[in-house]
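Enquirer: One structure, as structure tokens, below. Some questions next.
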Amino acid sequence: MMIILNCFFIGGLKSTNDLQQVLDEIIKMDPSFNLESFIRYCRFIVIPNVLEAIVRGDLRILHDWCHEAPYNVLATPLKQMKELGYISESRILDVHNVDVQMGKMMEQGPVLIITFQAQQINCILDKNGNLHEGDPNKVLRVTNVWALCRDQSEMNPLAAWRVLDIAMMPSEQWM
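For the sequence shown, UniProt numbering begins at 1 and goes up steadily by one.
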């Protein structure tokens with residue numbers, strides 16, 4: 001599955017200033033905000049919840065963590081799989097190299113662009129248990145670029161971040 005990020009990498013020369021502007025805006029709302037803590041929050045809370053919801057087809061959790069556009073993009077194939085009786089045997093093995101690449105002020109609020117690598121197995125079975133897609137023995141390295149938006153109306157900083165856009169680029173592991 002490859003999903004294209006909409007428009008965040010145009011004008012990269014301003015990205016440092018944009019990031020500082022976004023961080024300043026976030027700190028106005030949440031004075032305790034810290035970039036290192038945010039990266040840990042993404043690594044151990046946001047990313048695992050969203051990735052696990054995708055591989056399990058858990059639309060309720062996916063809806064909680066995503067804005068409407070990425071939710072619709074991710075939910076459509078999951079709904080189709082369910083209708084066809086397909087079963088996901090996919091697994092997330094590891095998430096690493098989480099980093100904030102840039103920031104951007106958007107209509108929805110301050111947006112931070114994160115990148116990370118995930119190791120995962122993609123395997124879809126048909127309703128008879130036969131392999132339909134993927135390989136249960138092949139580990140994929142998936143490069144992810146996500147745009148996370150801070151909901152300014154949410155006072156709880158742990159509930160304020162939602163996925164605004166998502167890109168996933170899988171490649172085979174060499175080892």
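By construction, the Cβ of each residue, glycine as well, lies at the ideal position given by its N, Cα and C atoms.
Just so it is clear, the structure is predicted and the values come from calculations on it, not from any experiment.
Give me the residue from M81, P70, K28, D24 with the minimum Cα distance to L125.
Expert: For this step, residue 125 is matched to residue 125 along the sequence shown. Cα-wise, what sits closest to L125 is M81.
Enquirer: Over what stretch of residues does the beta strand (DSSP E) that includes V50 continue unbroken?
Expert: Residue mapping note: residue 50 aligns to position 50 of the sequence shown, counting from 1. Premise fails: V50 lies in the alpha helix (DSSP H), 47 to 56, not in any beta strand (DSSP E).
Enquirer: Exposed or buried, which one is I26 when buried takes at least 16 other CB atoms within 10 Å?
Expert: Mapped onto the sequence shown, residue 26 falls at position 26. Label assigned to I26: buried.
Enquirer: Hey, quick one: how far does the alpha helix (DSSP H) through E68 stretch, first residue to last?
Expert: The sequence position of residue 68 within the sequence shown is 68, counting from 1. 68 to 84 is the extent of the alpha helix (DSSP H) around E68.
Enquirer: My assumption, with CB atoms under 8 Å, is that V111 sits in contact with L158. Please give the rounded CB distance.
Expert: The sequence position of residue 111 within the sequence shown is 111, counting from 1. The sequence position of residue 158 within the sequence shown is 158, counting from 1. Rounded, the Cβ-Cβ distance is 18 Å, inconsistent with contact.
Enquirer: Where does K127 sit, in a helix, a strand or coil, going by DSSP?
Expert: Taking the sequence shown and counting its residues from 1, the one referred to as residue 127 is at position 127. If DSSP states are grouped into helix, strand and coil, K127 belongs with coil.
Enquirer: DSSP puts C149 in a beta bridge; with which residues?
Expert: Against the sequence shown, residue 149 aligns to sequence position 149. Beta-bridge pairing links C149 to V111, R162.
Enquirer: From N97, G109, Q108, R141, pick the residue whose C-alpha is nearest to that of Q120; which is it?
Expert: As a working mapping, residue 120 is identified with position 120 in the sequence shown. Of the listed residues, the one whose Cα sits closest to Q120 is R141.
Enquirer: Let's see if you can read the secondary structure: which residues bound the beta strand (DSSP E) around D135?
Expert: Position 135 of the sequence shown holds residue 135. For D135, no beta strand (DSSP E) segment is defined, and its DSSP state is neither H nor E.
Enquirer: Tell me whether E89 sits in a helix, a strand or coil according to DSSP, three-state version.
Expert: Mapped onto the sequence shown, residue 89 falls at position 89. Three-state DSSP puts E89 in coil, outside helix and strand.
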